[in-house]
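A.B. asks: The structure is given below, and queries will be raised subsequently.
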């Protein structure tokens, strides 16, 4: 009898989990450990020699490596801050306007704002380089037309502006993503809630601040974390617009471009996969820590409303 | 059974077919210059085959970006061609060290090449040479002759005259005095620092002293070029900080700029695009009467696959590649790529002729950091892109740029520690 009491082995759980676990392990977990392993070795001639954390010691102990790393991390943080302060509020504002029933042609605006998101980085980088070109660009001409030519600067070539300019280009490209997500969650707010608010005299802007915003906070959280992960993995736009040296004077160098230069080498500089892997591990750690702070520090405290 | 028969029949016919041409030896050239395919097929190879009956040559280029890796893989697998086009310095040196390239220093026509020409394809101590130098690129300034006449400026020979000319164009206002930008950074280094620098560090003398550790990058002769570059900024176009390499080329060929800091590889493009007369001058010296130095950078050479089956035929070709005839054919088919041999080559392109004429009046030197000094991390050949661009933009003083370079070099290069 007792044998019958034992819970049945629930094989189906294993069977159903297997495809996802296998694919994810093969494509994500194994390469991750492969990178970790690579970062613990160094090349001596043709051979890989185990050196423990020596590469990380170099990365943080050697003045040249560490100043490059901290510079990249600092730039990356600023890149992220610009997105958080500009891209996401604008995205939310546009979504709020689009969801208002008074707006005509809203689907046209929605599409138009979303289109840059589907463009290739290379196209975006090249197009903006042309727009902002001091020689042939339309930006100086447009400023000239309104008499503000003196405000024009070769933004992409100045150390103090280049990174912010690139961040704003990226904001232009990706503002459609938060807009779409917020728009979707705004639409999912039941009308009864808003109508109940109206009965209590909460309309217009007050309704947005008091009713809608608290209800879409979880979505804003998700967007923040998506922005964080995407920004700390950024590379494509910098590479397309400024090249692998992330000029001028490394002022647009982010972790991704630093990793690229180190791992694959550049011009006469030979690639160093081991140091590159060490940088990749640091990128992974930075993102992991950021995501953990969000998951355990913020998301668990967020209040959810059931309709 | 049938398949086997068919295969044997095919194999047999292949062997028989080959046997019919067995008196001809075919040798294959590996190269990254796929742009030059027609020149090799129509001009160079027919000339060689006419003189050397019995040797057939096939030019088999790979795309430039894949050349190094493809070549390494083929050499490792033993399927590479008989003749190998050599990149300068460490790229080919590692092939020689690995035993893939044979020594060719004993060829009769190697006597036609000077030590600078051979430096790109010799061991560090110069004892063995493993490729026959083919061509170099020379740096200098290309200028718009019409603009010079219009503004009434003479071709400068000293630094003082150079800046006087730039000032004249600036005052005139119709032309951008100097067509260069710092967005891509490398022009600042190759067309800036490496172009004007040899006059200060006395070409090879300074370059070798740097390798030997007797000069430092903080010495005045290595810092002074940065100081000159720092003065260039005010003569470049508005917003030069964001001006890219193609921008600068277009500005010049459209006739909007007066002087273009150039490499000789620009010639064919400029000849096709500019509709004004162009002239060229070498980097101005500090004071009238000073000896002049030019950057005459070794770029391309050809060597022998050590495991070739036809060493004699390959050596025949390599020897011919060191001849006056080859030098003339190559330099005339590809204006801007100059023969590295000591033969005097008549070139039909007047501008190319003018530029190569500097070799008679000035001393040649290669770019300062390409030999040995670009082996470590940070790589000096890349670092000077950033320092030179910084010097022009003014975000580093010349002294800071020199100190930055010296720190980088001393961090891994023993003779400088």
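Chains as they are written, first to last, in this note's numbering: chain C, 1 to 307; chain H, 308 to 724.
Ideal Cβ positions, reconstructed from N, Cα and C, are used throughout, including at glycine.
Taking only beta-carbon positions, decide if residue 155 of chain C is within less than 8 Å of chain H.
C.D. replies: Along the first chain, read from residue 1 onward, the residue named residue 155 of chain C stands at position 155. Yes, its Cβ sits closer than 8 Å to a Cβ of chain H.
A.B. asks: Decide if residue 308 of chain H is buried, meaning its Cβ has at least 16 other Cβ atoms within 10 Å, or exposed.
C.D. replies: Counting from one through the second chain, the residue named residue 308 of chain H turns up at place 1. Only weak support is given to the placement of residue 308 of chain H: the predicted model assigns it a pLDDT of 42, under 50, and the question is left unresolved by the model.
A.B. asks: I'd like to know if residue 717 of chain H contacts chain C, where contact means its C-beta is closer than 8 Å to some C-beta of that chain.
C.D. replies: In the second chain, counting from the first residue as 1, residue 717 of chain H sits at position 410. So no, residue 717 of chain H is outside the interface.
A.B. asks: Could you check what DSSP says for residue 265 of chain C in three-state terms: helix, strand or coil?
C.D. replies: Walking along the first chain from the start, residue 265 of chain C turns up at place 265. Three-state result, residue 265 of chain C: strand.
A.B. asks: For residue 328 of chain H and residue 34 of chain C, I'd like the C-alpha separation in whole angstroms.
C.D. replies: Position 21 of the second chain holds residue 328 of chain H. Position 34 of the first chain holds residue 34 of chain C. Because the pLDDT of residue 328 of chain H is 48, which lies under 50, any placement of that residue in the model is unreliable, and the number read from its coordinates should be weighed accordingly. Roughly 53 Å between the two C-alpha positions.
A.B. asks: Taking the straight line between their C-alpha atoms, what separation do you get for residue 346 of chain H and residue 640 of chain H?
C.D. replies: In the second chain, the residue the question calls residue 346 of chain H occupies position 39. In the second chain, the residue the question calls residue 640 of chain H occupies position 333. Answer to the nearest angstrom: the Cα atoms are 7 Å apart.
A.B. asks: Could you list which residues in chain C have their beta carbon closer than 7 Å to that of residue 548 of chain H, in chain order?
C.D. replies: For the purposes of this step, residue 548 of chain H is taken as residue 241 along the second chain, with counting starting at 1. 154, 157, 158 and 248, listed in chain order.
A.B. asks: Between which residues of its own chain and residue 450 of chain H is the CB-CB distance below 8 Å, once the five residues before and five after are set aside?
C.D. replies: Your numbering for residue 450 of chain H matches position 143 in the second chain. Result list for residue 450 of chain H: 462, 565, 566, 567, 585, 586, 587 and 588, in chain order.
A.B. asks: Express the C-alpha separation of residue 18 of chain C and residue 1 of chain C in angstroms, rounding to a whole number.
C.D. replies: Numbered from its first residue, the first chain carries residue 1 of chain C at position 1. Numbered from its first residue, the first chain carries residue 18 of chain C at position 18. Confidence at residue 1 of chain C is low in this model, with a pLDDT of 47, below 50, so its placement is unreliable and no value can be given for it.
A.B. asks: Counting only the same chain and skipping the five closest in sequence on each side, list residues whose C-beta sits under 8 Å from that of residue 302 of chain C.
C.D. replies: The residue you call residue 302 of chain C lines up with position 302 of the first chain. The residues are 217, 218 and 221.
A.B. asks: Against chain C, with Cβ distances strictly below 8 Å, would residue 686 of chain H count as a contact?
C.D. replies: For the purposes of this step, residue 686 of chain H is taken as the residue at position 379 of the second chain. Output row for residue 686 of chain H: interface = yes.
A.B. asks: Just the C-alpha distance for residue 375 of chain H and residue 285 of chain C, rounded to the nearest angstrom, thanks.
C.D. replies: Within the second chain, residue 375 of chain H is the residue found at index 68, counting from 1. Within the first chain, residue 285 of chain C is the residue found at index 285, counting from 1. Those two C-alpha atoms are separated by around 35 Å.
A.B. asks: Output yes if chain C places a C-beta closer than 8 Å to the C-beta of residue 326 of chain H; else output no.
C.D. replies: In the second chain, counting from the first residue as 1, residue 326 of chain H sits at position 19. Residue placement at residue 326 of chain H cannot be trusted, given a pLDDT of 45 that sits under 50; the coordinates are not used to answer.
A.B. asks: What residues from chain H crowd round residue 245 of chain C, counting only those whose CB sits closer than 8 Å?
C.D. replies: Stepping through the first chain from its first residue, residue 245 of chain C is reached at position 245. Ordered by position in chain H, the residues that pass the 8 Å Cβ test against residue 245 of chain C are 492, 689, 692 and 693.
A.B. asks: Going by DSSP, which residues form a beta bridge with residue 140 of chain C?
C.D. replies: Residue 140 of chain C sits at position 140 when you count from the first residue of the first chain. Answer is none; residue 140 of chain C lacks a bridge partner.
A.B. asks: So for residue 328 of chain H, helix, strand or coil by DSSP?
C.D. replies: Walking along the second chain from the start, residue 328 of chain H turns up at place 21. Unreliable positioning characterises residue 328 of chain H in this predicted model, as indicated by a pLDDT of 48, which lies under 50. The coordinate reading is nonetheless provided below. Correct three-state label for residue 328 of chain H: coil.
A.B. asks: Residue 561 of chain H to residue 612 of chain H, Cα distance in whole Å?
C.D. replies: The residue given as residue 561 of chain H occupies position 254 in the second chain. The residue given as residue 612 of chain H occupies position 305 in the second chain. About 45 Å.
A.B. asks: Any beta carbon of chain H sitting closer than 8 Å to that of residue 272 of chain C?
C.D. replies: As a position in the first chain, residue 272 of chain C is number 272, starting the count at 1. Yes, residue 272 of chain C lies at the interface with chain H (some Cβ there is under 8 Å from its Cβ).
A.B. asks: Quick check on residue 489 of chain H - is its C-beta less than 8 Å from some C-beta in chain B?
C.D. replies: Protein chains C and H are contained in the structure displayed, whereas chain B is not.
A.B. asks: Around the Cβ of residue 648 of chain H, are there at least 16 other Cβ atoms within 10 angstroms (buried) or fewer (exposed)?
C.D. replies: Here the question's residue 648 of chain H lines up with position 341 in the second chain. That one is buried.
A.B. asks: For a test of the three-state rule: what should DSSP assign to residue 717 of chain H, helix, strand or coil?
C.D. replies: Mapped onto the second chain, residue 717 of chain H falls at position 410. If DSSP states are grouped into helix, strand and coil, residue 717 of chain H belongs with the helices.
A.B. asks: Under 8 Å, CB to CB, which of the residues in the segment 103–135 of chain C have a partner in chain H?
C.D. replies: Under the 8 Å Cβ criterion, the segment 103–135 of chain C contributes 129, 132, 133, 134 and 135.
A.B. asks: Taking a contact to mean a Cβ-Cβ separation below 8 Å, would you say residue 114 of chain C touches residue 176 of chain C in this structure?
C.D. replies: If you number the first chain from 1, residue 114 of chain C lands on position 114. If you number the first chain from 1, residue 176 of chain C lands on position 176. In contact: residue 114 of chain C and residue 176 of chain C (Cβ atoms closer than 8 Å).
A.B. asks: Smallest Cα separation from residue 209 of chain C: which of C:194, C:87 and C:199?
C.D. replies: Here residue 209 of chain C is taken as the residue at index 209 of the first chain, counted from 1. Minimum Cα distance to residue 209 of chain C is reached at C:194.
A.B. asks: Just reading off the beta strand (DSSP E) that residue 601 of chain H is part of, what are its end residues?
C.D. replies: Sequence index remark: in the second chain, residue 601 of chain H carries index 294 (1-based). 600–611 is the span of the beta strand (DSSP E), which, as asked, contains residue 601 of chain H.
A.B. asks: What distance in whole Å lies between the Cβ atoms of residue 392 of chain H and residue 417 of chain H, which are believed to be in contact at a cut-off of 8 Å?
C.D. replies: For this step, residue 417 of chain H is matched to residue 110 along the second chain. For this step, residue 392 of chain H is matched to residue 85 along the second chain. No, residue 417 of chain H and residue 392 of chain H are not in contact; Cβ-Cβ is about 17 Å, not under 8 Å.
A.B. asks: Grab the span of the alpha helix (DSSP H) containing residue 24 of chain C for me, first residue to last.
C.D. replies: Reading the first chain from its first residue, position 24 is the one you call residue 24 of chain C. Run containing residue 24 of chain C: 11–24, per the alpha helix (DSSP H) assignment.
A.B. asks: Only counting runs of 4 or more residues, tell me where the alpha helix (DSSP H) segments fall wholly within the segment 136–212 of chain C, in order along the chain.
C.D. replies: Within the segment 136–212 of chain C, the complete alpha helix (DSSP H) runs of at least 4 residues are 138–145, 159–174, 176–187, 191–199 and 204–207.
A.B. asks: Are the CB atoms of residue 530 of chain H and residue 706 of chain H nearer to each other than 8 Å?
C.D. replies: Counted from its first residue, the second chain places residue 530 of chain H at position 223. Counted from its first residue, the second chain places residue 706 of chain H at position 399. In this structure, residue 706 of chain H lies closer than 8 Å to residue 530 of chain H by Cβ.
A.B. asks: Would you check if the segment 506–513 of chain H and the segment 587–602 of chain H touch, i.e. whether three or more CB-CB distances between them fall below 8 Å?
C.D. replies: Counting Cβ pairs under 8 Å, three or more are found: they touch.
A.B. asks: Using the rule of at least 16 other Cβ atoms within 10 Å of the residue's Cβ for burial, across every protein chain shown, is residue 127 of chain C buried or exposed?
C.D. replies: Numbered from 1 along the first chain, position 127 holds the residue referred to as residue 127 of chain C. Classification for residue 127 of chain C: exposed.
A.B. asks: Should the segment 600–610 of chain H be regarded as contacting the segment 485–505 of chain H, the criterion being three or more beta carbon pairs within less than 8 Å?
C.D. replies: Touching, per the Cβ criterion.
A.B. asks: Rounded to a whole number of angstroms, what is the C-alpha to C-alpha distance between residue 423 of chain H and residue 465 of chain H?
C.D. replies: Counting from one through the second chain, the residue named residue 423 of chain H turns up at place 116. Counting from one through the second chain, the residue named residue 465 of chain H turns up at place 158. Approximately 25 Å, taken between the alpha carbons.
A.B. asks: Can you list, in chain order, the residues of the segment 558–580 of chain H whose Cβ is nearer than 8 Å to any Cβ on chain C?
C.D. replies: Against chain C - using a Cβ distance shorter than 8 Å - the residues of the segment 558–580 of chain H are 558.
A.B. asks: Quick one, are the C-beta atoms of residue 38 of chain C and residue 273 of chain C less than 8 Å apart?
C.D. replies: Working through the first chain from its first residue, we reach residue 38 of chain C at position 38. Working through the first chain from its first residue, we reach residue 273 of chain C at position 273. Yes. Within cutoff.
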